[in-house]
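*Asks:*
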Amino acid sequence: MLFHVRMDVHLPHDLPPLDAADILAREKAYSQELQHSGKWRHIWRLAGQYANYSIFDVRDNEELHAILSGLPLFKFMDIEVTPLLRHPSSIRDNDT
Ligand SMILES: O=C(O)CC1=CCC(=O)O1
């Protein structure tokens, strides 16, 4: 199943810089491992915002929830999830 996910990051201003660096490094490693696995298909930065649009390709809602709640930045994020399905007019075969 494909999901469009918007993540808005709100790091607390009083987070010590070393803690912030550690959590961001863990977030990057977690995300890149999932990208290599094919479950996190795309990630884009939203210009001018500390936010991203991502596409996940996972088995079901439960797997998506497990992945998102495992994000090191999870407690500092607002996350919006939209399930996707193939559009009947799509000319692409790999939209599922
Ligand atoms: O910077 C972000 O948008 C938050 C994030 C998610 C995965 C990652 O590496 O950073």
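Residue numbers (the UniProt record's numbering): 1 to 96.
Glycine is no exception: its CB is placed at the ideal position from the N, C-alpha and C atoms.
With a threshold of 6 Å (Cβ to nearest heavy atom), would residue 58 be considered close to ligand 1?
*Replies:* For ligand 1, not one heavy atom lies less than 6 Å from the Cβ of residue 58.
*Asks:* Does at least one heavy atom of ligand 1 sit under 6 Å from the Cβ of residue 81?
*Replies:* Not so, every heavy atom of ligand 1 lies at least 6 Å from the Cβ.
*Asks:* When you compare only the Cα positions, how much space is there between residue 96 and residue 2?
*Replies:* Each residue's alpha carbon lies about 7 Å from the other.
*Asks:* For residue 43, name the three-state secondary structure that DSSP assigns.
*Replies:* It is a strand residue.
*Asks:* Less than 6 Å between the CB of residue 39 and some heavy atom of ligand 1, yes or no?
*Replies:* No, since every heavy atom of ligand 1 falls outside the 6 Å radius drawn around the Cβ of residue 39.
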